[in-house]
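What follows is one structure encoded as structure tokens, with my remarks underneath.
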Amino acid sequence: MKVRHLMPSGILTLLLTSALWGQQHETFDALLREALDHNPDLAVQRSNVDRNKGIARQAGTVGPPQLTYTRMEVPTLSLGDPASVNIGLMQMVAFPTKLFAESDLAASRVQSAEYDVSRRRVEIAAQVHTALAMLWEAQHRLRILGDMRSLLRQIADAATTRLQVDRASQQEVLTTSIELEDVSASEAVARQDVDAAVAMLRTILGRPAEAPVGTAVLDTLITIDRSADHLVAMAGRVNPLLLRDSIAAVQGELTEHLARQEYLPDITLGIERVVMPRTDMTAWNISAGISLPFAPWTLGRTAGRVQEAVAERSMREADLRASRLRTAGDITGARARLRGLAVRLDALENRILPQSALSVRSSLAEYQTGKSSYLMLLDAARMDLSMRLDAVMTRMNYERELAALAQAVGVLTPAALLAAGE
Numbered sequence: 032m033k034v035r036h037l038m039p040s041g042i043l044t045l046l047l048t049s050a051l052w053g054q055q056h057e058t059f060d061a062l063l064r065e066a067l068d069h070n071p072d073l074a075v076q077r078s079n080v081d082r083n084k085g086i087a088r089q090a091g092t093v094g095p096p097q098l099t100y101t102r103m104e105v106p107t108l109s110l111g112d113p114a115s116v117n118i119g120l121m122q123m124v125a126f127p128t129k130l131f132a133e134s135d136l137a138a139s140r141v142q143s144a145e146y147d148v149s150r151r152r153v154e155i156a157a158q159v160h161t162a163l164a165m166l167w168e169a170q171h172r173l174r175i176l177g178d179m180r181s182l183l184r185q186i187a188d189a190a191t192t193r194l195q196v197d198r199a200s201q202q203e204v205l206t207t208s209i210e211l212e213d214v215s216a217s218e219a220v221a222r223q224d225v226d227a228a229v230a231m232l233r234t235i236l237g238r239p240a241e242a243p244v245g246t247a248v249l250d251t252l253i254t255i256d257r258s259a260d261h262l263v264a265m266a267g268r269v270n271p272l273l274l275r276d277s278i279a280a281v282q283g284e285l286t287e288h289l290a291r292q293e294y295l296p297d298i299t300l301g302i303e304r305v306v307m308p309r310t311d312m313t314a315w316n317i318s319a320g321i322s323l324p325f326a327p328w329t330l331g332r333t334a335g336r337v338q339e340a341v342a343e344r345s346m347r348e349a350d351l352r353a354s355r356l357r358t359a360g361d362i363t364g365a366r367a368r369l370r371g372l373a374v375r376l377d378a379l380e381n382r383i384l385p386q387s388a389l390s391v392r393s394s395l396a397e398y399q400t401g402k403s404s405y406l407m408l409l410d411a412a413r414m415d416l417s418m419r420l421d422a423v424m425t426r427m428n429y430e431r432e433l434a435a436l437a438q439a440v441g442v443l444t445p446a447a448l449l450a451a452g453e
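In terms of our numbering, the sequence shown is residues 32 to 453.
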């Protein structure tokens, strides 16, 4: 894997620098840090981790004992002359293997909740990357349309000048006016897209509605030259979704193991001190008992719990297999789309856009001197506009696919994909 530095055309370079000069820049790294610090969904996930840790502290422990106090053989309503006073302490203890299974299951749920936090972090990173790319595209589309408006005004001025000397028709002036109106309408749409992308970013970042959002800046283009198998293997090691589903499969096994423990009896132990005031005698009573889960009238209930646990384990194992297949498909698809978009972007920036810009300049100069027709100039301007818009749209789609690939692999930043080559 490597970072590829494309050499943009002069027009695109001017577009990038002039649009960004003197304004607040919004970069992916800075936005990601802000989102991870302030996104409300992450706070919910972190609270869930704390909740599961609290539950885990309770698992595998015995319940509170029961203290009893009894005055026996009271001959009258007066409690002052009992035959005996019994003070006892009783404790129910689950079979030890049940306690171990409960503790292991609770610990796995804590780990699963922690993977949920990591998974949400990866999702937020992909959302930030996508929203930033959408804002970048809308802002640059607005700039390109502004450049087209300036060009059309030059064409309109040239057509008006030529009309005054009978070297152009009124139709050329009217057509240019229509083109200007169309560009103005497209600019309005672009402004709405900018506002929508800004609103999306504010939501992800947890910024208030009145907080400003500056000009989007994309990082240097990253190209992927590692195989899909390599990236899939990397996802198996680091993707929090796969790791969480792996823990879920383990939880299924633990749940089944715990359900089978229902066939084992629980134990109740008790000790009681007996004081007989009438005879001045004291004694101790010791008791023990066990539950009978294998009684005929309880076997059906226990067997049903085991059956439910077996089905849950099978379901979680199937979920894990499905998650692995989906992840492999997402990685393969995103990687293939990235390669296609990279070829298209290279052709646009290094070959098509320079030629398109040259065609516009030549056509405008020839039209102003009467060496070219109006239709040829308008076609060249339209083609240049289309190619420039295609370039920023292609770059946006590339960044979105890159974000999708990073999410499928399970890393926060596309730069982390470089580790796949190590």
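All C-beta atoms in this analysis are idealised placements derived from N, C-alpha and C, irrespective of residue type, glycine included. Quantities reported herein were computed from a predicted structural model and do not represent experimental measurements.
Neighbourhood of residue i by C-beta distance below 8 Å, restricted to the same chain and skipping five residues each side
i, result
"L140", "Going by the sequence as given, residue 140 is Arg instead of Leu. Only N83, I86, A87 and Q282 meet the Cβ criterion."
"L14", "Look at the range of the chain in this structure, 32 to 453, and you will see that residue 14 is not part of it."
"R77", "V148"
"L443", "L63, R152, V153, A156 and A437"
Residues of its chain near residue i, where Cβ-Cβ distance is below 6 Å and the 5 sequence neighbours each way are ignored
i, result
"A446", "none"
"M165", "A228"
"I186", "T207"
"L433", "P445"
"E210", "L183"
"Q122", "P96 and L300"
"M179", "V214 and L416"
CB contact flag (residue i, residue j, <8 Å)
i, j, result
"L249", "V159", "no"
"I302", "G119", "yes"
"R102", "V116", "yes"
"L376", "M418", "no"
"S217", "L176", "yes"
"R366", "I255", "yes"
"L384", "A422", "yes"
"T358", "A259", "no"
"P296", "I317", "no"
"V204", "A190", "yes"
Cβ neighbours of residue i in the same chain (closer than 7 Å, five flanking residues each side left out)
i, result
"A247", "E57, L163, L166, W167 and Q170"
"L372", "T425, N428, Y429 and E432"
"T285", "In the sequence under discussion, the amino acid at residue 285 is Leu, which differs from the Thr named in the question. Hits under 7 Å: A132, D135, L136 and S139."
"G237", "H69, N70 and P71"
"W52", "Annotation note: pLDDT 35 at W52 (below 50); position unreliable, no value reported."
Residue i - DSSP class collapsed to helix/strand/coil
i, result
"I321", "strand"
"A240", "coil"
"I302", "strand"
"T444", "coil"
"A219", "helix"
"A314", "strand"
"L436", "helix"
Residue i CB to nearest heavy atom of the ligand ADP below 7 Å
i, result
"E303", "As far as ligands go, the structure on display features none, and thus does not contain the ligand ADP."
- Contact between the stretch 72 to 83 and the stretch 149 to 157: three or more CB pairs below 8 Å? Output reads yes: the stretch 149 to 157 touches the stretch 72 to 83.
- Query: Is it a yes or a no for the stretch 225 to 235 touching the stretch 346 to 357, going by three-plus beta-carbon pairs under 8 Å?
  - Reply: No, the stretch 225 to 235 does not touch the stretch 346 to 357.
- Query: For the stretch 50 to 135, which segments carrying the beta strand (DSSP E) assignment without a break, of at least 3 residues, lie completely within its bounds, in sequence order?
  - Reply: 97 to 103 and 115 to 124, all fully within the stretch 50 to 135.
- Can you find at least 3 beta carbon pairs, one from the stretch 412 to 422 and one from the stretch 237 to 245, that sit closer than 8 Å? Touching, no, given that fewer than three Cβ pairs across the two stretches are closer than 8 Å.
- Message: Report the start-end ranges of each beta strand (DSSP E) in the stretch 150 to 217 that is 3 residues or longer and not cut off at the edges.
- Response: Taking only runs of at least 3 residues, no beta strand (DSSP E) segment lies wholly in the stretch 150 to 217.
- Those runs of the alpha helix (DSSP H) which lie wholly inside the stretch 244 to 293 and span at least 4 residues: Runs of alpha helix (DSSP H) with 4 or more residues, each lying fully within the stretch 244 to 293, are found at 259 to 269 and 271 to 291, listed in chain order.
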